[in-house]
Amino acid sequence: MRKMYWTDLRTSKIQCANADGSDVKDLVTTGLRIPNSIALDGDEGKMYWTDAGTSKIQRANLDGSDVEDLVVTDVYLPGGMTVHGKKRKIYWTDAAWGETVECKVQRADLDGSHVETLVFTEMSIPNGIVLDLDMGKIYWTDLTKIQRANLDGSYVETLVFTELLPLGIALDVGEGKMYWTNYKGAGVSKIQRADLDGSDVEDLVTAGLDRP
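Each number in this note's numbering corresponds to the 1-based position in the sequence shown with 1409 added.
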């Protein structure tokens, strides 16, 4: 049966369950402080995650065994992350607040080596990140905007401006759409979508949301 995996910030755990919600299991329960985003590499049987509390990028087997520290230097408040299995790369955002530390989008090999900073200018609180492998693009959310660039960090574009705080982002490449959550408190938060170039922004869910 297919599985779903998630991080739990309140309990500092990584868990999984069957796709129907049954058989919930604790996978990683120690050594975590603020586990944030999680990404899977099914081909290699690995899961990767960011921890903003320990300032680490880590990975483990899909059953939670063999936890490894991958990136522990020049990481401050890692947020979203994703895996490019074919190129054997991990990508993540780092909302490193501070006068001497820059927010950035980074990538590394799957074993944490060869860390590269791809984007570091005009960023505030980068969070969600996703790849469009067909077009060779990275998309990420930031404070009041959604941006994209080539996979090597070149040609940065701002696609959407918003008064809200975009967080999670997902792509439907087949339909040419991107979807994201916006946070600004109960009664204001919403889920939106747009074309992949940022045009034709639509509100999808505008009621009943607190912090999507």
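Just so it is clear, CB atoms sit at the ideal spot from N, CA and C, and this is done for glycine as well.
Contact between the stretch 1432-1450 and the stretch 1487-1506 is established, with three or more Cβ pairs separated by less than 8 Å. In the DSSP assignment, C1425 is bridged to Y1414 and K1434. DSSP places M1544 in the coil class of the three-state scheme, outside both helix and strand. With 16 or more other Cβ atoms from the protein chains shown falling within 10 Å of its own Cβ, V1528 counts as buried. Going by DSSP, E1525 is part of the beta strand (DSSP E) stretching over E1525 to V1528.
In this structure, V1480 sits near I1466, with a CB-CB distance shorter than 7 Å.
Within the model, the alpha-carbon separation for S1421 versus L1441 is close to 6 Å.
E1611: member of the beta strand (DSSP E) spanning E1611 to V1614, first to last residue.
With contacts defined as CB atoms closer than 7 Å, A1517 and V1510 fail to qualify as a contacting pair. T1459 and F1570 have their C-alpha atoms spaced approximately 26 Å apart. Cβ contact annotation for E1572 (same chain, cutoff 7 Å, sequence separation greater than five): T1553, in chain order. DSSP places W1506 in the coil class of the three-state scheme, outside both helix and strand. Beta-bridge partners of K1586 (DSSP): D1581 and D1604. At the C-beta level, A1558 and I1534 stay beyond 7 Å of one another. With 16 or more other CB atoms across the displayed protein chains lying within 10 angstroms of its CB, D1551 is buried.
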